[in-house]
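Scroll down for the structure; my scribbles are underneath it.
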Amino acid sequence: ETAVFQTPNYHVTQVGNEVSFNCKQTLGHDTMYWYKQDSKKLLKIMFSYNNKQLIVNETVPRRFSPQSSDKAHLNLRIKSVEPEDSAVYLCASSLQGARDEQYFGPGTRLTVL
Amino acid sequence: SQLAEENPWALSVHEGESVTVNCSYKTSITALQWYRQKSGEGPAQLILIRSNEREKRNGRLRATLDTSSQSSSLSITATRCEDTAVYFCATNYGNEKITFGAGTKLTIKP
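Dropping the structure here:
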């Protein structure tokens, strides 16, 4: 099956903990993304990454960092989570860049207590 | 403030009726994409319309683009219950940049 896969589906944690979310795409795409979707459904791009370049949204706090082992994987690590980090984190991929259709995973819902 | 914005915020029609969602944006774009997100899923692209195109169709869906007024619309004809979702417009601009609006929540009633 070709798609974008994310784990875990849900994660509940305490303020100050570190969390890591996994994303894998089997579409053979060159570019992957992480988005944050808040409770009002607003989607904000956090990172885009291909094997040449990492583009970081300048509004993303430094406690967030992407981690990639190859072009099919892009994980998201959050050091010391804050309450405002509670959201759905969506991973996506596209063939080459942002002007191509983006394929999204089902998301990871993070709740910070 | 957001670079792309859908309106209305929410919409409800009966099955079989037609419906239109609008999008306004604030910057020069290279393309505009419409996505649909059903409950519990990630968004899925419906239509991509480039800045030199004025209209694009995909089955029951029709998107228009007016670069002079910086607006786009997505129309759905013969709506079905499975069209219930949040509809987003996403604008491509600059060098590989993309921004999404907050979405229009569409409910199709039986």
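One line per chain: the protein sequences are A and B, in this order.
Quick note, my numbering runs 84 ahead of the 1-based positions in the first sequence.
Mapping of the second sequence onto my numbering: position 7 corresponds to residue 0, and the numbering continues sequentially without gaps.
Beta carbons: idealized from backbone N, C-alpha and C, even for Gly.
Q: Put B/Glu(-2) into one of helix, strand or coil per three-state DSSP.
A: strand
**Q.** Residue span of the beta strand (DSSP E) that contains A/Pro150, given as start and end
**A.** 148 to 154
Q. Starting from A/Asn135 and walking both ways along the beta strand (DSSP E), at which residues does that stretch end?
A. Premise fails: A/Asn135 is in no beta strand (DSSP E) and is neither H nor E.
Q: Name the residue from A/Asn141, A/Arg146, A/Thr143, A/Glu85 whose alpha carbon lies nearest to the alpha carbon of A/Gly112.
A: A/Glu85
Q. Does A/Lys120 have its Cβ less than 8 Å from a Cβ in chain B?
A. no
Q: Label B/Ala3 either buried or exposed according to how many other C-beta atoms from any shown protein chain fall within 10 Å of its C-beta, with 16 as the threshold for buried.
A: exposed
Q. So does the region 13 to 27 of chain B actually touch the region 136 to 151 of chain A, counting three or more Cβ pairs closer than 8 Å?
A. no
Q) Among A/Thr115, A/Leu158, A/Ile129, which has the Cα closest to the Cα of A/Cys107? A) A/Leu158
Q) Where B/Thr57 and B/Ile42 are concerned, what is the direct C-alpha to C-alpha distance, given to the nearest angstrom? A) 8 Å
Q: Return the chain-ordered list of same chain residues with a C-beta closer than 6 Å to the C-beta of A/Leu127, the five sequence neighbours on each side being excluded.
A: Tyr119, Gln121
**Q.** Among B/Phe93, B/Asp76, B/Leu54, B/Gly9, the one whose alpha carbon lies nearest that of B/Lys19
**A.** B/Phe93
Q.
According to DSSP, simplified to helix, strand and coil, what is B/Thr75?
A. At residue 75 of chain B the sequence reads Glu, which differs from the Thr that was named. DSSP places B/Glu75 in helix when its eight states are reduced to three.
Q) Where does A/Asp154 land, buried or exposed, given buried means 16+ other C-beta within 10 angstroms? A) exposed
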